[in-house]
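Read through the structure below, which is laid out as structure tokens, and then see the notes.
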Amino acid sequence: MDTRTVLKQEMIKELRLEDIGPEDIDDAAPLFGEGLGLDSLDAVELTVLVQRRFGVTIEDIDVAREAFASVDALAEYIETRKGGLPCAGPNLSQ
Amino acid sequence: MNARWSSRSLGSRAQHAVFYALIRAAGTSGAYALLFFVVTWYTLRPSVRRRSRAYLERRFPGAGRAAAWMHAWKLQWSFGQCLVDRAAAGLRGGFAFEDIRGEDLPNLLAEGNGVILLSAHTGCWQIAPRVSAKISGVPVAVLQHSEPGDVDRQIHDHAGQAPPYRILRTGGGPETVLALLRHLRQGGLLCLMGDRVEGSAEQAVSVSFFGAPARMPCLAYRLASASGAPVLCVFALRTGPLRGKLFCAECLRPPADLGRKAQAYRAYAQLFASALERFVLDNPYQFFNFYDLWES
């Protein structure tokens, strides 16, 4: 399964997005505000999700601004850091 | 954004400058003397009294017209004194925090997950982050709200110095939230306000405050759940001219994985609101929310 699909499935599950499936999320649409409609506080759960599921940390603010632009941008960021392979389970080495 | 409240001062930049000049020339006593007349003038204006009516009617139910006017005057007077003290602390120095009850803070910081210092608009709250920076020994960040045209100045502005803490602005979007999370993960102390909603309505929950529902933010508890940082509820009290205390009221520990729904954090917001209510019952003229924060 590709990173975008896994990412969308995890977002739906972890962010508890209701009445929405992976196919409903536009890969190019903004994650925050217009688009998927996440609010700024959702960045907390999204960061934890990416770290736990993919073992990738997002701490640099400028990087975060770009990575959180869309599913495409976030998947690219993860793939750059991890080669696109989601972790098997929670990353306990953080 | 909270449409019912503005950070802009009642006074103009020139009026503030008169107070600053008085403080430089005659210390706080000169400024307090002028403040007496300014507060009386403002309290005579119904539009000013209206700002504190929702709070005072709940804190002093059944007060007659004369008593209500007096409560409003005392509240404005107390607020004015805090502002004079803040300016004097920057312009002349000498603000003393007595009997700091921060004995829990070193132990909490030693846990390594950072600490969220959750405060409210009480007493000399604007000086609290400065004190925290001094006593904690770790980097301090403060989330602050300001609006265009705001003439309000912090102690470091008055002193012409860099702030002893990092300032992050509300309304900065996900990057700001991440900066807060990062600060905690680096073991820092994060100062937030828990009594005023300054983000979107979805980021607040309804709690009981003085017997009626009021909305309070849940940012602190969401950050705590994600980072493992404890939330130390502290309230600042002005105890006299250029003197204050910090009271540690509660230490809250929201568990991990509470998710994104604000309602999941309601219990913690209620604990904070109850602690604040107890503090305000003891110190009725040191609660400075000049708008109707209740849902009615």
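Here the protein sequences line up with chains A and B, keeping their order.
Numbering follows this note's numbering, with no gaps: position 52 of the first sequence is 52.
Numbering follows this note's numbering, with no gaps: position 250 of the second sequence is 250.
C-beta: ideal position from N, C-alpha, C; glycine also.
Keep in mind it's a predicted model, so treat the numbers as computed, not measured.
- Item | Element boundaries [alpha helix (DSSP H), containing glutamate 45(A)] | Counting from one through the first sequence, the residue named residue 45(A) turns up at place 45. Segment 42-54, the alpha helix (DSSP H) holding glutamate 45(A).
- How many angstroms separate the CA atom of tyrosine 221(B) from the CA atom of valine 207(B)? The residue labelled residue 221(B) in the question sits at position 221 within the second sequence. The residue labelled residue 207(B) in the question sits at position 207 within the second sequence. Rounded to whole angstroms, the gap between the alpha carbons of tyrosine 221(B) and valine 207(B) is 14 Å.
- Do valine 140(B) and leucine 190(B) have their CB atoms nearer than 9 Å? Stepping through the second sequence from its first residue, residue 140(B) is reached at position 140. Stepping through the second sequence from its first residue, residue 190(B) is reached at position 190. The Cβ-Cβ distance between valine 140(B) and leucine 190(B) falls below 9 Å.
- Message: What does the alpha-carbon distance come out to for the pair alanine 54(B) and asparagine 289(B)?
- Response: As a working note, residue 54(B) is residue 54 in the second sequence. As a working note, residue 289(B) is residue 289 in the second sequence. So the two alpha carbons sit approximately 10 Å from each other.
- Message: For chain A, check one thing: does any of its Cβ atoms lie closer than 9 Å to the Cβ of glutamine 203(B)?
- Response: Translated into positions along the second sequence, residue 203(B) becomes position 203. Output row for glutamine 203(B): interface = yes.
- CA nearest to the CA of leucine 35(B), picked from Gln15(B), Arg49(B), Leu108(B) and Asp104(B): In the second sequence, residue 35(B) corresponds to position 35, counting from 1. With respect to the C-alpha of leucine 35(B), the residue from Gln15(B), Arg49(B), Leu108(B) and Asp104(B) having the closest C-alpha is Gln15(B).
- Query: Mind checking proline 213(B): buried by the 16 CB within 10 Å criterion, or exposed?
  - Reply: Along the second sequence, one-based indexing puts residue 213(B) at 213. So proline 213(B) counts as exposed.
- Query: Should aspartate 2(A) go down as buried or exposed, given a rule of 16 or more other Cβ atoms within 10 Å for buried?
  - Reply: Locating residue 2(A) in the first sequence gives position 2, where the first residue counts as 1. Per the 10 Å Cβ criterion, exposed.
- Give the residues of chain A in contact with glutamate 175(B), contact being defined as C-beta atoms less than 9 Å apart. Position 175 of the second sequence, counted from the first residue, corresponds to residue 175(B). Neighbours of glutamate 175(B) across chain A, judged by C-beta separation under 9 Å: Ser40, Ala43, Ile61, Asp62, Ala64, Arg65 and Phe68.
- Message: Under 7 Å, CB to CB, which of the residues in the stretch 215-230 of chain B have a partner in chain A?
- Response: Residues of the stretch 215-230 of chain B with a C-beta less than 7 Å from any C-beta of chain A: Leu219, Arg222, Leu223 and Ala226, listed in chain order.
- Within the same chain, show all residues whose beta-carbon is closer than 7 Å to that of arginine 81(A), passing over the 5 residues directly before and after it, in chain order. Walking along the first sequence from the start, residue 81(A) turns up at place 81. Within its own chain, the residues whose Cβ lies closer than 7 Å to the Cβ of arginine 81(A), once the five positions on either side in sequence are excluded, are Val56, listed in chain order.
- Message: Just checking: is the beta-carbon of valine 6(A) within a distance shorter than 9 Å of some beta-carbon in chain B?
- Response: Numbered from its first residue, the first sequence carries residue 6(A) at position 6. When Cβ-Cβ separations below 9 Å define contact, valine 6(A) makes no contact with chain B.
- Message: Here's the rule: buried if 16 or more other CB atoms are within 10 angstroms of the residue's CB, otherwise exposed. What is arginine 65(B)?
- Response: Residue mapping note: residue 65(B) aligns to position 65 of the second sequence, counting from 1. Per the 10 Å Cβ criterion, exposed.
- Item | Neighbour list for threonine 80(A) in chain B, Cβ cutoff strictly below 8 Å | For this step, residue 80(A) is matched to residue 80 along the first sequence. Those within 8 Å of threonine 80(A) in chain B number zero; the least Cβ separation is about 18 Å.
- Within 10 angstroms of its Cβ, does proline 217(B) collect 16 or more other Cβ (buried), or is it exposed? The residue you call residue 217(B) lines up with position 217 of the second sequence. Buried: at least 16 other Cβ atoms inside 10 Å.
- Cβ separation of glycine 188(B) and glycine 114(B), assumed to be a contact under 8 Å, to the nearest whole Å: Your numbering for residue 188(B) matches position 188 in the second sequence. Your numbering for residue 114(B) matches position 114 in the second sequence. Confirmed, about 5 Å.
- Just the Cα atoms here: how many angstroms apart are tryptophan 294(B) and glutamate 57(B)? Working through the second sequence from its first residue, we reach residue 294(B) at position 294. Working through the second sequence from its first residue, we reach residue 57(B) at position 57. Taking C-alpha positions only, tryptophan 294(B) is separated from glutamate 57(B) by approximately 12 Å.
- Task: For phenylalanine 37(B), count neighbouring Cβ atoms within 10 angstroms of its own Cβ and tell me buried if that reaches 16, exposed if not.
- Result: Here the question's residue 37(B) lines up with position 37 in the second sequence. The residue is exposed, with fewer than 16 neighbouring Cβ atoms inside 10 Å.
- Task: For lysine 8(A), count neighbouring C-beta atoms within 10 Å of its own C-beta (all shown protein chains included) and say buried if the count is 16 or more, exposed if not.
- Result: As a working mapping, residue 8(A) is identified with position 8 in the first sequence. Flag for lysine 8(A) reads buried.
- Give, in chain order, every residue of the stretch 166-197 of chain B whose Cβ lies closer than 8 Å to some Cβ of chain A. Listed in sequence order: Gly172, Gly173, Pro174, Glu175, Thr176, Val177, Leu178, Ala179, Leu181, Arg182 and Arg185.
- Task: Just mark glutamate 175(B) as buried or exposed, buried being the case when its beta carbon has 16 or more other beta carbons within 10 Å.
- Result: Numbered from 1 along the second sequence, position 175 holds the residue referred to as residue 175(B). In this structure glutamate 175(B) is buried. Its beta-carbon is surrounded by 16 or more other beta-carbon atoms within 10 angstroms.
- What does phenylalanine 54(A) reach in chain B if we use C-beta pairs closer than 7 Å? Within the first sequence, residue 54(A) is the residue found at index 54, counting from 1. Ordered by position in chain B, no residue passes the 7 Å Cβ test against phenylalanine 54(A), which lies about 16 Å from the chain.
- How should aspartate 19(A) be labelled, buried or exposed, when 16 other C-beta atoms within 10 angstroms of its C-beta is the threshold for buried? Taking the first residue of the first sequence as position 1, residue 19(A) is located at position 19. The residue is exposed, with fewer than 16 neighbouring Cβ atoms inside 10 Å.
- Report all residues from its chain with a CB closer than 7 Å to the CB of serine 40(A); omit the five preceding and five following residues, and keep chain order. Residue mapping note: residue 40(A) aligns to position 40 of the first sequence, counting from 1. Phe32.
- Are alanine 236(B) and leucine 246(B) close, meaning C-beta to C-beta below 9 Å? Within the second sequence, residue 236(B) is the residue found at index 236, counting from 1. Within the second sequence, residue 246(B) is the residue found at index 246, counting from 1. Taking 9 Å as the Cβ cut-off, alanine 236(B) and leucine 246(B) qualify as a contacting pair.
- Query: Using a beta-carbon distance below 9 Å, is leucine 36(A) in contact with chain B?
  - Reply: On the first sequence, residue 36(A) is found 36 positions in, with the first residue counted as 1. No, its Cβ sits nowhere closer than 9 Å to a Cβ of chain B.
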